[in-house]
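A short write-up of the structure that comes next.
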Amino acid sequence: MRRVVTVIVVTIGGIVLLASFHTSPGVATRPVARGRSALQPPAGGTPPTSGTGSGAGRPSPPATNPGTSPAPNGTGRPPTTAPPTTVSASRTVVGPVVSNRYGDVQVEVVVRDGQLQDVESLELPSDRQRSQYINSIAGPELRQEALQARSANIDVISGATYTSQSYAQSLQSALDQAGL
Amino acid sequence: MSRNTADRATRRVEPMWGTMISLLVLDPVDPAVIDDVFGWFRRVDDLFSTWRADSEISRIGRGDLTVARASPEMREVLARCEQMKHATCGAFDIAVGASAEIEPRPGLAPLDPSGLVKGWALERAVDRLAHGGVSHLALNAGGDVVVRGGAGDDRPWRIGLQHPWRHDRVADVVCVTSGAVATSGRAERGDHVIDPRSRRPAHGLMSATVVGSDLAIADALATAAVAVGSIAAPWLTGRSDTQALAITDSGAVVTTSGFDEYRST
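If you read the sequences in order, they're chains G and X. In terms of my numbering, the first sequence opens at residue 248 and continues consecutively. In terms of my numbering, the second sequence opens at residue 1493 and continues consecutively.
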């Protein structure tokens, strides 16, 4: 029996959030939302109901009619409904498109009984071709995973070549200074 | 590195090749050995800097000097670049700048072996250090790393892979006792890598890291992967002597299947 799946919209961003997701299994693509630091409610406060965005062009911002009819949905996902009033314990929470200087990011999380079950990136049109390409190559020879932001006990840093000026802000510079 | 090890360590950091070179030696070492190594780095700059009109590589690029009359080091490096061009099915191509469809700019040279020279020069430097009695060292030139002998106390060197968007974080950590870690990418210097197929700036990968036993090879492979925007090519996935990790423009991490062997447990 298919559970009623409620889709609400929140603003999701931040490496902190995604870093906490990495125990969820079976995730193929998990781009990192950058530029925000924490889970935040959307502007305006009330979670609007929305579909996941579909069709050509960039998904539009979430609809602003909370608790009413389902939003257009062309992706084959279950239709959206009003906020949960039943025993449904599984919720799919879809974040809006978060744009920043590094591109657009949108993620969907499935929550059941208050526990995070799964995370999935919603492929944005501009991203779709690349994601398909990555998925097509991520066969037995390659693996794909989420980008993490770690602060670990390290001796040396490998990275894209920094200039002698930008070295001053680099982690390698901090290591060199700490050791002197 | 333990406290006792740190007390004996010698560290030297110098601007070189437009970037910074950091050398950490854990063994007692004659300062003359360190001086010799940094002298070698300056000779490499004299020969291979594409930013200097008087370097050998610039003279060859202008047609003022033939390869046959160039230094033994130049002939060796150009031969190895040619090997890596074949080994990467043309993805590593030091002559791509000559026909790149971008605006001419400083540093864009008709002949640019930079994607291999740094790794090659560091391997040669390690040979000199070994000859001087050094067996525990970490040498880092602008993000390309050679380590030898572990970090003391039977511990491998822990090498952080720079997070492409957060300067204060690493995306991963690899553990290597003796070996090479090369990272090429667009995070620091923008679109300086040219895709030899389109002859335009590369896209697809923010960075590619190759771990292996020889930094010249790892350096060239990382450069080639960024140039074509992928680590999926058989010339990379089919190698048994290297493993690779790439961070895509969209923030996903892709690794070759054996990369985990370098990860800390």
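Glycine included, every Cβ here is placed at the ideal spot set by N, Cα and C.
Can you tell me whether residue i is helix, strand or coil according to DSSP?
i       : result
I1513/X : strand
W1543/X : coil
R1567/X : helix
Q424/G  : helix
G1607/X : helix
L1728/X : helix
L1518/X : coil
I1526/X : helix
V1618/X : helix
V1662/X : strand
A1601/X : coil
A1700/X : strand
V1536/X : helix
V1588/X : helix
G302/G  : Bear in mind that a pLDDT of 35 at G302/G, under 50, signals an unreliable position, so the model cannot answer this.
H1623/X : helix
A1613/X : helix
Q1575/X : helix
Y409/G  : coil
L1557/X : coil
P326/G  : Confidence is the limiting factor: at P326/G the pLDDT is only 42, short of 50, which leaves the residue's position unreliable and the question unanswerable from this model.
G1641/X : coil
A1562/X : coil
G1531/X : helix
Let's see if you can read the secondary structure: which residues bound the alpha helix (DSSP H) around residue i?
i       : result
C1581/X : First-last for C1581/X: undefined, no H or E at that position.
G1553/X : E1548 to R1554
V1720/X : L1707 to V1720
With a CB to CB cut of under 6 Å and the five nearest residues on each side skipped, what residues in its chain are close to residue i?
i       : result
R1691/X : S1591, A1592 and E1593
V1702/X : A1674, A1710, L1713, A1714, T1734 and A1736
V1521/X : T1502 and V1626
E1595/X : none
V1637/X : I1651 and V1673
S417/G  : Y409
A415/G  : none
T1748/X : T1729, Q1735 and A1736
G1635/X : T1675
A1716/X : T1580, A1583 and F1584
D1664/X : L1653
Just mark residue i as buried or exposed, buried being the case when its beta carbon has 16 or more other beta carbons within 10 Å.
i       : result
T270/G  : Only weak support exists for where T270/G lies, its pLDDT of 32 falling under 50; the coordinates are left without a value.
P1726/X : exposed
G1696/X : buried
G1704/X : buried
E1615/X : buried
P1688/X : buried
M1558/X : Note on residue identity: the sequence assigns Thr, not Met, to residue 1558/X. The residue in question, T1558/X, is exposed, as its Cβ has fewer than 16 Cβ neighbours within 10 Å.
A1571/X : exposed
N1632/X : buried
G1730/X : exposed
Q391/G  : buried
V1755/X : Note that residue 1755/X corresponds to Arg in the displayed sequence, not to Val. Looking at its Cβ environment, which holds fewer than 16 other Cβ atoms inside 10 Å, R1755/X is exposed.
A1560/X : exposed
A1744/X : buried
S1732/X : exposed
S1676/X : buried
A1643/X : buried
Can you pull the DSSP bridge partners for residue i?
i       : result
I1686/X : P1693/X
L389/G  : T1748/X
D1636/X : A1633/X
V403/G  : I1651/X
T1502/X : V1517/X
P1507/X : M1512/X
C1667/X : R1650/X
R1755/X : V1666/X
R397/G  : V1662/X
Specify, as a first and last residue, the run of the beta strand (DSSP E) that residue i falls within.
i       : result
W1649/X : W1649 to Q1654
G1671/X : G1671 to G1677
T1740/X : T1734 to T1740
By Cβ distance below 7 Å, which residues in the same chain neighbour residue i in space, the five residues on each side in sequence not counted?
i       : result
E1565/X : L1539
D1528/X : R1620
V1609/X : V1536, F1540 and V1569
R1640/X : V1618, S1627, H1628, L1629 and S1670
R1544/X : S1550
P1598/X : W1543
D1706/X : E1615 and A1672
To which residues of the same chain is residue i closer than 8 Å at the C-beta, ignoring the five residues directly before and after it?
i       : result
S1563/X : L1539 and E1548
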